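Okay, structure first, notes after.
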Amino acid sequence: MSRTVSTTTDDEASDRTVEPAPAPDAAAPAAATPSAVPGRPSVGEVVALARRTFDAGVTKPREWRVAQLQALRRLLVEHEDEIAQALHSDLGKSLTESWVTETGFVVAEIDHALRHLRSWLAPRRVRVPLSLVPGRAKVVREPLGVVLVIAPWNYPLQLCLAPLVGVLAAGNAAVLKPSELAPATSRVLARLVPALLDRDAVHVVEGGVPETTALLEERFDHIFYTGNGAVGRIVLEAAARHLTPVTLELGGKSPTYVSDDADLPVAARRIVWGKFTNAGQTCVAPDYVLGSRATLEALKPLLVEAIRETFGDDPAESPDYGRIVDARHFERLTGLIDPVQVVTGGRSDAASRYLEPTVVEVRDPGDPAAAIMRDEIFGPVLPLVEVAGLDAAVDFVNGRDKPLALYVFTASDEVRRRFVRDTSSGALGFNVPLAHLSVHGLPFGGVGASGMGAYHGERSIELFSHAKPVLSLPTRPDTTAVVRPPFTDLKRRLIDRVVAPGRRRRRAS
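-3 is the number of the first residue of the sequence shown in this note's numbering; add one for each residue after it.
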């Protein structure tokens, strides 16, 4: 049975709904399906066109790849203001935040790819064993085919187009599914992408559950999904029917441990930056803070001051502080806040979807009633959780799903070694959150429940390519004669010495 899915929400429980599709109704109007929208090609037609374009070899030349990346860069730079207006409409992002975290982020990814594309695509020579000399071996990267990118709403431009950089650089055709929960950004992408990029090879499919469900019925050569784990399982199930490889960029509760020896004023400012960027709606934002009682007590006033320094006396008036994406998420987040636990913040306004940067103290994180510690918060609420020390912090992290990111504030090499050696996470950052995303040479991805697969920089080329081994062996001399029967004494000696050395000598039977 097929299932309808909402794939564009992020990692929190209220979005993890999976419902069986209703039985087909012969009396239902044709407009209920994506293929029946007047003037719009069906999902199947879109995928078929992308497939024909790839099969015709259009996307494979390096010149095409470079031209598409350059066109994508022009889209971002020449339409920066228009994109920023859409992001402000959807999420309340400022012009600067839109450039730093969305548009400019993708531009930097494009520039990095253009600088290195020739070397990334060059065949890799591989040494052959002595038995195959004078043969030659190499690894050739070939594009996979047609790639589906399903983007979330929290960074609706970056998380749609940053994967596309790798898809195009690797020589693939693409179908993009922007989030319907960021409708202004989705409309901009749907208009600009076909206007500037190859409209036969790069497609945008707008819509919600029906369109996404229809897309997952199609055969792709790779599916790249960013969102929550529940829908990630549905994507995997759909992909399994076609044996399609999948990259899942999920999330989870990314911990932050503040050691007793940490520089607390710096830690407070950087935690506030990492947590409240995009109003906390970031998959790698610090989800909660671990520390000893003494450290947390010292950290509280510093967090309060850091919030004031960052967003002013009233963050509602700050042009740099965003808004919650919609009313449902707003209600979910305000429902997590227990006024008794509030250290600072907590004020909200439903009409504008404003939720003040909030710090709360969780006395018993193991309490089943502590909903704030069950699922990823994905909003501007920061819990403080007391632990006895380093060992307890490591145990706390390891007792939960592997996070997408883990942050540690410390001056101690021993603390660093413990977290590198004894914990597992998608990424590990010391004394800074979020910043690992901006290092092009670092892969970005999860582990375990936080995802599978990684991208950015050359890793994107690896992700969206097949590394094809190629071996070429001359017909003269015919070196394969040594390993073909009949196996004479001479052949056995050559095999033992040259082809497969290390074999224990034994008498021929």
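In this text, a Cβ means the ideal position worked out from N, Cα and C, and glycines have one as well.
As the structure is a computational prediction, the values presented were derived from the model and not from experiment.
R493, enclosing beta strand (DSSP E) - first and last residue:
The sequence position of residue 493 within the sequence shown is 497, counting from 1. In this chain, R493 is not harboured by any beta strand (DSSP E), its DSSP state being neither H nor E.
S38 - DSSP class collapsed to helix/strand/coil
What you label residue 38 is simply residue 42 of the sequence shown in a count that begins at 1. Three-state result, S38: coil.
What are the start and end residues of the alpha helix (DSSP H) that includes I267?
Here residue 267 refers to the residue found at position 271 when the sequence shown is read from its first residue. Its alpha helix (DSSP H) spans residues L260 to F272.
Any non-hydrogen atom of the ligand MN closer than 6 Å to E74 Cβ:
Here there are no bound small molecules, and the ligand MN is not part of this structure.
Any chance the region 165 to 172 sits against the region 45 to 64, with 3 or more Cβ pairs inside 8 Å?
In short, these stretches touch, since the Cβ pair count reaches three.
First and last residue of the alpha helix (DSSP H) that includes H112?
Residue 112 sits at position 116 when you count from the first residue of the sequence shown. Looking at the DSSP string, the run of the alpha helix (DSSP H) that includes H112 is G100 to L117.
Here's the rule: buried if 16 or more other CB atoms are within 10 angstroms of the residue's CB, otherwise exposed. What is Q66?
Sequence index remark: in the sequence shown, residue 66 carries index 70 (1-based). With fewer than 16 Cβ atoms within 10 Å of its Cβ, Q66 is classed as exposed.
According to DSSP, is S468 part of a helix, a strand, or is it coil?
Counted from its first residue, the sequence shown places residue 468 at position 472. Three-state DSSP puts S468 in a strand.
Around the C-beta of T222, are 16 or more other C-beta atoms found within 10 angstroms, so that it is buried, or is it exposed?
In the sequence shown, residue 222 corresponds to position 226, counting from 1. By the beta-carbon neighbour count (other beta carbons within 10 angstroms, threshold 16), T222 is buried.
Backbone CA spacing between V435 and D485 [nearest angstrom]
For this step, residue 435 is matched to residue 439 along the sequence shown. For this step, residue 485 is matched to residue 489 along the sequence shown. So the alpha carbons of these two residues sit roughly 58 Å apart.
Member of E357, A197 and V478 whose CA lies at the smallest distance from the CA of P297:
As a first step, residue 297 is located in the sequence shown; it is residue number 301 there, counting from the start. Measuring from the Cα of P297, the nearest candidate turns out to be E357.
With a Cβ-Cβ cutoff of 7 Å, do L295 and A389 count as a contact?
Here residue 295 refers to the residue found at position 299 when the sequence shown is read from its first residue. Here residue 389 refers to the residue found at position 393 when the sequence shown is read from its first residue. Judged by their CB atoms, L295 and A389 are not nearer to each other than the 7 Å cut-off.
Do Q154 and E98 count as a contact pair if the criterion is CB distance below 7 Å?
Taking the sequence shown and counting its residues from 1, the one referred to as residue 98 is at position 102. Taking the sequence shown and counting its residues from 1, the one referred to as residue 154 is at position 158. Cβ atoms of E98 and Q154: closer than 7 Å.
CB Y403 to CB T252, shorter than 7 Å?
What you label residue 403 is simply residue 407 of the sequence shown in a count that begins at 1. What you label residue 252 is simply residue 256 of the sequence shown in a count that begins at 1. In this structure, T252 lies closer than 7 Å to Y403 by Cβ.
Sub-7 Å separation of G88 and R319 beta-carbons:
By one-based count along the sequence shown, residue 88 stands at place 92. By one-based count along the sequence shown, residue 319 stands at place 323. Between G88 and R319, the gap from beta carbon to beta carbon is short of 7 Å.
Under 8 Å by Cβ, that's how I've got A401 and S250 pegged, so tell me the actual separation to the nearest angstrom.
What you label residue 401 is simply residue 405 of the sequence shown in a count that begins at 1. What you label residue 250 is simply residue 254 of the sequence shown in a count that begins at 1. In this structure A401 is in contact with S250, their Cβ atoms being roughly 4 Å apart against a cut-off of 8 Å.
Taking 7 Å as the cut-off, decide whether the C-beta atoms of G248 and E372 are in contact.
As a first step, residue 248 is located in the sequence shown; it is residue number 252 there, counting from the start. As a first step, residue 372 is located in the sequence shown; it is residue number 376 there, counting from the start. Result yes, Cβ atoms of G248 and E372 sit closer than 7 Å.
Are three or more beta carbon pairs between the region 203 to 221 and the region 137 to 148 nearer than 8 Å?
Result yes; three or more Cβ-Cβ pairs closer than 8 Å.
I'd like the list of long-range same chain contacts for I106, defined as Cβ closer than 7 Å, with 5 residues on each side in sequence excluded.
On the sequence shown, position 110 is the one that residue 106 refers to. Same-chain partners within the cutoff: L65, L68, R69 and V161.
Classify A235 as buried or exposed, calling it buried when 16 or more other Cβ atoms lie within 10 Å of its own Cβ.
Along the sequence shown, read from residue 1 onward, the residue named residue 235 stands at position 239. Counting C-beta atoms within 10 angstroms of its own C-beta, A235 has 16 or more neighbours from the protein chains shown and is therefore classed as buried.
Considering only DSSP beta bridges, list what S344 is partnered with.
Residue mapping note: residue 344 aligns to position 348 of the sequence shown, counting from 1. According to DSSP, S344 bridges with L351.
With the cut-off set at 7 Å, would you say G453 and G442 are in Cβ contact?
Taking the sequence shown and counting its residues from 1, the one referred to as residue 453 is at position 457. Taking the sequence shown and counting its residues from 1, the one referred to as residue 442 is at position 446. G442 is positioned such that its CB atom lies no closer than 7 Å to that of G453.
My assumption, with CB atoms under 8 Å, is that V381 sits in contact with Y284. Please give the rounded CB distance.
For the purposes of this step, residue 381 is identified with residue 385 of the sequence shown, where counting begins at 1. For the purposes of this step, residue 284 is identified with residue 288 of the sequence shown, where counting begins at 1. Between Y284 and V381 the Cβ distance is about 6 Å, and since that is below 8 Å, they are a contact.
Pull the bridge partners of S461 from the DSSP assignment, please.
The residue you call residue 461 lines up with position 465 of the sequence shown. DSSP output for S461 lists P139 as bridge partner(s).
For R114, does the count of other Cβ atoms within 10 angstroms reach 16, so buried, or fall short, so exposed?
In the sequence shown, counting from the first residue as 1, residue 114 sits at position 118. Taking all protein chains in view, the Cβ of R114 is surrounded by fewer than 16 other Cβ atoms within 10 Å, so the residue is classified as exposed.
Closest to A347 by C-alpha separation, out of E327, L378, E202 and D397, would be which residue?
Counting from one through the sequence shown, the residue named residue 347 turns up at place 351. Residue nearest to A347 within the set E327, L378, E202 and D397 is E327 (criterion: CA-CA distance).
Could you please give the first and the last residue of the uninterrupted alpha helix (DSSP H) stretch that includes P482?
Residue mapping note: residue 482 aligns to position 486 of the sequence shown, counting from 1. From DSSP, P482 is part of no alpha helix (DSSP H); its letter is neither H nor E.
F426 versus R412: straight-line alpha-carbon distance, rounded:
Residue numbering aside, residue 426 sits at position 430 when the sequence shown is read from its first letter. Residue numbering aside, residue 412 sits at position 416 when the sequence shown is read from its first letter. Answer to the nearest angstrom: the Cα atoms are 8 Å apart.
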